[in-house]
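Numbering (our numbering), first residue to last: 324 to 747. Comments concern the structure below.
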Ligand code: AMP
C-alpha cells in the first residue's frame, strides 16, 4: 500500500504547533471582541466570479479553481475580503453602519511553497465597513498593533503607504486603470524597471522614480516630502494629507514603529487608500497587512460603502513567535489522568473523571486497560500534573489516591476534596 502524503504546500498541524495556532486564534478572537468586531463564518468555496472580480491578476492566477458537480465554476477562497464584501451587499445590506466583522480560518493560494509560504494557510481577518474617515483606518492599524503586541511579539514595524498617491499621479497623467494595476503589481514585487516600462509617458516615470528616492528620518518628514513632490497632482496631494491624518491619530494613541514608504504598493487590486504591512526584524516576509478599499462593495452591486480592513497571517505569526521565543501565556489548567486499579472499579473511576471535567479540569481516563505502573509512566512522560488512582479498598472508604507526578508524592484523600486539591 502506498502511504499518503498531504497535498503539496499543505500541512498537518500537530502537537506544539497546533497549540500555537489555537493560541493565536484565541488571541485574534479576543482582539475582535475588545474592538467590537463580530465574528462571521463564510464558505470556503465561493463562486469564481466573486473571487476573481476585484482581487487582481496576481491572486487570480493562483486560485484553486474547479467545477462542482452542478457545472458551477467555483474556487477555494484566497482571502476573506471578497466574501465579507458579498455579505455587505446581501444579508447585511440594511444593517446600520459601520459594520465591524471578524473571521478566522484557512485560505488557499497556489504559491510556491517555502518557509512561511504555503498553499493552505490561516488568516485572522478584520473588516470595518461604512466609514471613509481616517478614524476607521486608525482603528484598523491600532487593532493590528494590539493583536501583535498581545501575542508577545517584539520590535515589529508597520510599513505604510497610500495607493492614492501613485494612482493620483498616474490617472492625472492619463494612464488607464488597467495599466495602473499592472504597474502597482510590479512595484509590489519591487520590479521597478518592469513597472516603469509599462508607462509610455516620461512624466509619470519621473514622478514614480522621485517617490522611490524619498528617504527621511521619520514618517512626518516623509509625508512632507511626498506632498512637496506631488504638488499640482490634486488627488495625490489629498492622499498624502489623508495618510498624515491617519498616522497622527495612530501615533498619538499608541506606541508603534511606523515606516512610511512612498512607493509601497500591494498586489490586491481593490485598494484605494491606506495600505500597510507588518514585519518583525528577523523575517523578510510580512506577518500581516491590509488597507482601504472604498469601491469594492459598490462593484459587487451594493450601495457605495467605504471600507478598510486587514488580515494577519497566522502561520507566519507562529513562525515569528517561535523565532522570537515568545512564551505562551498559560491558559491551560492542571492536567489529570484517572486510573482504575482494576476492571471492577472502572465505573466509579469513570464517574470521578466525569466530575473533574464538569468542574473544568482536564482529565484523561485510562482507556487502554494498562497496568497502573505503565499508565503512570505514560502520564509522567506526557507531563500530566496529577494521577488519580481509584482502588476498591480506598473507594469503599470514600477515598482515592492522588499522585503529584513531578514530586512523586502520593496521598490518600477524600473524593470530596479532590477538586480543591487539584485546583489549589
Ligand atoms: P494578503 O491577504 O495578501 O494581504 O495577506 C495577508 C497576510 O497573509 C500576509 O501578511 C501574510 O502574513 C499572510 N500570507 C499571505 N500569503 C501567504 C502564504 N502563501 N502562506 C502563508 N501566509 C501567507
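Every residue gets a Cβ at the ideal spot worked out from N, C-alpha and C, and that includes glycine. If you're wondering where the values come from, they're calculated on a predicted model, not measured in any experiment.
Assign residue i to buried or exposed, taking buried as 16 or more other Cβ atoms, counted over all protein chains shown, within 10 Å of its Cβ.
i           : result
residue 615 : buried
residue 413 : exposed
residue 529 : exposed
residue 541 : exposed
residue 722 : buried
residue 565 : buried
residue 395 : exposed
residue 510 : buried
residue 442 : buried
If I follow the unbroken beta strand (DSSP E) through residue i, where does it start and stop?
i           : result
residue 580 : 580-583
residue 424 : 422-431
At the level of alpha carbons, what is the spacing between residue i and residue j?
i           : j           : result
residue 536 : residue 397 : 43 Å
residue 390 : residue 372 : 12 Å
residue 470 : residue 346 : 12 Å
residue 544 : residue 455 : 25 Å
residue 631 : residue 698 : 54 Å
residue 571 : residue 468 : 15 Å
residue 474 : residue 348 : 11 Å
residue 578 : residue 737 : 53 Å
residue 292 : residue 519 : Residue 292 is absent from the structure shown; the chain starts at 324 and stops at 747.
residue 546 : residue 580 : 15 Å
residue 517 : residue 374 : 27 Å
residue 560 : residue 595 : 14 Å
residue 449 : residue 425 : 5 Å
Along the chain, where does the alpha helix (DSSP H) containing residue i start, and where does it finish?
i           : result
residue 758 : The structure shown does not extend to residue 758, since the chain is modelled only from 324 to 747, so the question has no answer here.
residue 331 : Neither: residue 331 is in no alpha helix (DSSP H) and is coded neither H nor E.
residue 637 : 637-646
Could you check what DSSP says for residue i in three-state terms: helix, strand or coil?
i           : result
residue 272 : The structure shown does not extend to residue 272, since the chain spans only 324 to 747, so no value can be given for it.
residue 658 : strand
residue 611 : strand
residue 357 : helix
residue 496 : coil
residue 393 : coil
residue 324 : coil
residue 413 : coil
residue 588 : coil
residue 509 : helix
residue 440 : strand
residue 489 : helix
Using a Cβ cut-off of 8 Å (strictly closer), state whether residue i contacts chain C.
i           : result
residue 436 : As a matter of chain content, chain C is missing from the structure shown, which is built from one protein chain.
Cβ of residue i within 7 Å of any heavy atom in the ligand SAH?
i           : result
residue 511 : By its list of ligands, the structure shown excludes the ligand SAH, since it contains just the ligand AMP.
Report the CB separation of residue i from residue j in whole angstroms; it is logged as a contact under 8 Å.
i           : j           : result
residue 688 : residue 702 : Going by Cβ atoms, the distance from residue 688 to residue 702 rounds to 12 Å, so no, they are not a contact pair.
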